[in-house]
Structure formats: structure tokens, C-alpha cells
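Enquirer:
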Amino acid sequence: MLGGACAALALAAGLYVARPWELALPDEPELRVSSGTFTGSLDSVLKAEGLDEAERYEVSSALRKKLNLRRLRPEDSYELTFSTSGSLTALSVTKALRYYELSVTETGEYGVAVRDVELREASGKLSGVIKSSLWESMSAAGVPAAAILDYADIFSWSVDFLTEVRAGDRWALAWDYKTDPAGKVISQKIRAASYDGAETGRKAAAAWQGAYYDEKGESLRSMFLRAPLHYRRISSYFTNRRFHPVLKYYRPHHGIDYAAPSGTPVSAVADGAVTYAGWKGGNGRLIILRHGAGYESTYGHLSRFAKNLRSGRRVAQGDVIGYVGSTGLSSGPHLDFRLKLNGKPLDFLKIKYRSSAGVSGKARAAVAAAIKALAD
1 MLGGACAALA LAAGLYVARP WELALPDEPE LRVSSGTFTG SLDSVLKAEG LDEAERYEVS
61 SALRKKLNLR RLRPEDSYEL TFSTSGSLTA LSVTKALRYY ELSVTETGEY GVAVRDVELR
121 EASGKLSGVI KSSLWESMSA AGVPAAAILD YADIFSWSVD FLTEVRAGDR WALAWDYKTD
181 PAGKVISQKI RAASYDGAET GRKAAAAWQG AYYDEKGESL RSMFLRAPLH YRRISSYFTN
241 RRFHPVLKYY RPHHGIDYAA PSGTPVSAVA DGAVTYAGWK GGNGRLIILR HGAGYESTYG
301 HLSRFAKNLR SGRRVAQGDV IGYVGSTGLS SGPHLDFRLK LNGKPLDFLK IKYRSSAGVS
361 GKARAAVAAA IKALAD
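When you line the sequence shown up against our numbering, it's residues 1 to 376, in that order.
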């Protein structure tokens, strides 16, 4: 009561100053924020938000100095801020890990600033049990699509994820990744991975200087691809006595005929050099590649060669070197593929996995430790 009386007397005398908690502060102005992704153009976004043609032109002109507006994609996002009166006060566009920020001054002038998106670095482990497919299981566990493809690529020489996956198979990976402020994974790198399958047995790998190796230090990259193309079926196998469909008599067929539509890309099964690319009798258009350790592969009946392919050119495993055809003595589009070792024909389908390289010493120990840590 005494405090209240003193305050009343002071107020009457014009001497009282209100304490902060006794003041009625005005409410902060409520700004309207609109955000989304670009399903259309920037102009269509601004038009939907009620900006007139002149203002849309000014905004686009200002942003165009820093950003190619024709290259906005659905994965790019925007955020617009409006004042209580409905005027645009700010606009930001996020594209390719950069913010493009447009601000509006009180005089109506536009300014654009560009800065990098701040990424958060993290690491972790994920694992799961397959019920229907590797993709379904890893997606359900939160593995991004790009990381699933990286995982499948690591084991692509030893596991066929289309035909060898069984319910109950287990997978695991340890990875480092970066996320944007919204939590979206922007980039990732798998440190170690394993696949334990009923059909495949256990496969494990860890990264070392850009490649993946198993516990023994052997590269998971095989010297040879499993096949030189995506094919429909095998029309002829390796044999010493095969009835030729054109010549109509039996003779050896020391190769594999892969039936595939004309124009199907054909890839080099291993790193090597082109020793021949041209027409060769009944083989039609033929490519011969020389590989390391005395191996040689041939690709016959091609419709055409890859651009700039010529004798002496080096090619990498998986490079497209030609396209399926039916040139020479051929009854239909297919690839006649052959492999030799020191001049002796080999049955390519019976060649076991052959590691392309390996590591030893500290590198091997580091790989083994990373694989062990994955299981811990």
C-alpha cells in the first residue's frame, strides 16, 4: 500500500517514471513468410504471391545479375518475406549449395548478396535386414538414394543385387556425410560396408585412397566385369563343337554369344589398349583389346564403334567401345565375346573372381580395422 501511495504522489507531482515491467509494449509486426520449391519459373512464383508485372520484372532483373533463372530446378528452393502491409521485403533462393539473397530498401531499391550454404558434417552407422529388396530396406533405414547406389557399386563385382538377394540377408555401412540446414544429406562417403547373404556369403570392404578392399587387402574391383553388356540371354556358349547357324556345320565356338537388341552399348571388360578396330571377315566389325597379365578380349559383329575409337587408344573398364549389331556371318543381333590368356581361349563364364589389385602393410591393417569397427 505504501509503495502504491508513493507512486501516486510522485505521478501527481510529475516525478514518477514507470518501471519497464509496467509499460505496455507494442506487439512486434507479424511478417508473412512463403516458401517452397520451383515447380515453375520464378516469375510464376512471384505472380502467385500477388506481385504485379513491374515489381516482378524488377525482382527478376536484380537476381538475374547473380543467378541464371532459366536453370532453376524442382530441387531448388525459395523463401519470400512480406511486411504487414503486404510488400515484399526479402527473397532468398537456395541453389547448388548457395544462397542468393535479395533485400529491399525503404526506397524500393534491390540488392543481392551471395553466400555459401553452411553444411554440417556428421558420421554414423546404419544396418538392416532385407525383406524384399536392398533398395527397400536401405531406404526404410534412412539411407539416401545416392548412398544406396554407392553401396551397390562397392559390391557390384561380387554380388548381383538383382538375382542373388534373399529375404533375411543383412547389410551394414559406416559413413561420413554432410547435411544442409534443413537436414538434407548433400554428400556422403562410405567408410566401410558389409553384405551377409544366404546366396553370396559375407562380403566386407573398407575405403583406402579412393578404392575399396576386403580384410585380406584384396580390391573389391575385379579385373573383369561380370559381362560386357546388358543382354537378354546367352544364345551360344563356349564349346568345341557348335552347329553354326549360317554355315550349317559343326565347328568350335570359343566365345560367348550375348543376344541383345541392335545398338546396345558394349563395354570393355577390363582396362586395356585397342590393338584392332575394323572389319575382319566373318566377325564383321571387330574390336580387340590387350589387357595386363597376358589377357586379350575380342568383341565381334558390332554395328559400329564408339566415337574416336582407334588402334592404340587406351580404354578403362566399363568404357563403351562399340554397339551390338549383326555384321559378318551372323543370323541376328548379338555380341560374340571372346577371352584369351597368352593366346589360349578361355571360357569367360567359368573364370572366378579375380582381384584387380591389393594393399599390404599399414594400409591393409587400416582396412581390416575399419571393417572390424563396422561390426562392433
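Even glycine gets a Cβ: it sits at the ideal position worked out from N, Cα and C.
(1) Excluding sequence positions up to five away, which residues of its chain have a Cβ less than 7 angstroms from the Cβ of residue 277?
(2) If you compare alpha carbons, which of 374, 36, 363, 58 is closest to residue 216?
(3) Which residues bound the alpha helix (DSSP H) around residue 370?
(4) Report the rounded CA-to-CA distance for residue 223 versus residue 252, giving the unit in angstroms.
(5) Determine the DSSP secondary structure at residue 86, reduced to helix, strand or coil.
(6) Between the Cα of residue 227 and the Cα atoms of 328, 335, 143, 274, which residue gives the shortest distance?
(7) Go to residue 130, then tell me how far its alpha helix (DSSP H) extends in each direction, as first and last residue.
(8) Tell me, to the nearest whole angstrom, how far the beta carbon of residue 171 is from that of residue 221; I am working on the premise that it is less than 8 angstroms.
(9) Excluding the 5 residues preceding and the 5 following residue 127 in the sequence, name in chain order all residues of the same chain whose CB lies nearer than 8 angstroms to its CB.
(10) Under a Cβ-count criterion, where at least 16 other Cβ atoms within 10 Å of its own Cβ denotes burial, should residue 291 be classed as buried or exposed?
(11) Who are the Cβ neighbours of residue 120 in its own chain at under 7 angstroms, not counting the five residues just before and after it?
(12) Hey, residue 303 and residue 262 are a contact pair by Cβ (cut 8 angstroms); roughly how many whole angstroms apart?
(13) Should residue 316 go down as buried or exposed, given a rule of 16 or more other Cβ atoms within 10 Å for buried?
(14) Let me check one thing: in DSSP terms, what residues is residue 95 bridge-paired to?
(15) Helix, strand or coil for residue 183, going by three-state DSSP, please let me know.
(16) The beta strand (DSSP E) spanning residue 336 covers which residue range?
(17) Would DSSP call residue 351 helix, strand or coil?
(18) Just mark residue 149 as buried or exposed, buried being the case when its beta carbon has 16 or more other beta carbons within 10 Å.
(19) For residue 33 versus residue 46, is the C-beta spacing smaller than 8 angstroms?
Expert: A quick look at the data gives this:
(1) Here residue 277 corresponds to residue number 277 of the sequence shown, with the count starting at 1. Answer for residue 277: 287, 305, 309, 310, 311, listed in chain order.
(2) As a position in the sequence shown, residue 216 is number 216, starting the count at 1. When only C-alpha atoms are compared, the closest one is 363.
(3) On the sequence shown, position 370 is the one that residue 370 refers to. Note, residue 370: alpha helix (DSSP H), 361-375.
(4) As a first step, residue 223 is located in the sequence shown; it is residue number 223 there, counting from the start. As a first step, residue 252 is located in the sequence shown; it is residue number 252 there, counting from the start. About 27 angstroms.
(5) Looking up residue 86 in the sequence shown gives position 86. Coil.
(6) Taking the sequence shown and counting its residues from 1, the one referred to as residue 227 is at position 227. Checked all of 328, 335, 143, 274; the closest Cα to residue 227 is 335.
(7) Indexing the sequence shown from 1 puts residue 130 at position 130. Counting along the chain, no alpha helix (DSSP H) covers residue 130, and no H or E run does either.
(8) Residue numbering aside, residue 171 sits at position 171 when the sequence shown is read from its first letter. Residue numbering aside, residue 221 sits at position 221 when the sequence shown is read from its first letter. Contact between residue 171 and residue 221 is ruled out by a C-beta separation of about 19 angstroms, above the 8 angstroms threshold.
(9) Translated into the one-based positions of the sequence shown, residue 127 becomes position 127. Closer than 8 angstroms at the Cβ level, and outside the excluded window around residue 127, lie 141, 170, 171, 172, 173.
(10) On the sequence shown, residue 291 is found 291 positions in, with the first residue counted as 1. It counts as buried.
(11) By one-based count along the sequence shown, residue 120 stands at place 120. 178, 179, listed in sequence order.
(12) The count along the sequence shown starts at 1 and reaches residue 303 at position 303. The count along the sequence shown starts at 1 and reaches residue 262 at position 262. Right, the Cβ-Cβ distance comes to about 6 angstroms (below 8 angstroms), so this counts as a contact.
(13) Taking the sequence shown and counting its residues from 1, the one referred to as residue 316 is at position 316. Counting of Cβ neighbours within 10 angstroms places residue 316 among the exposed residues, the total staying below 16.
(14) Residue numbering aside, residue 95 sits at position 95 when the sequence shown is read from its first letter. Residue 95 is bridged to 98.
(15) For the purposes of this step, residue 183 is taken as the residue at position 183 of the sequence shown. Three-state result, residue 183: coil.
(16) Taking the first residue of the sequence shown as 1, we reach residue 336 at position 336. It spans 334-341 - the beta strand (DSSP E) in which residue 336 sits, taken as one unbroken run.
(17) What you label residue 351 is simply residue 351 of the sequence shown in a count that begins at 1. Coil at residue 351, not helix or strand.
(18) Within the sequence shown, numbered from 1, the residue matching residue 149 stands at position 149. So residue 149 counts as exposed.
(19) Numbered from its first residue, the sequence shown carries residue 33 at position 33. Numbered from its first residue, the sequence shown carries residue 46 at position 46. Contact flag unset, no.
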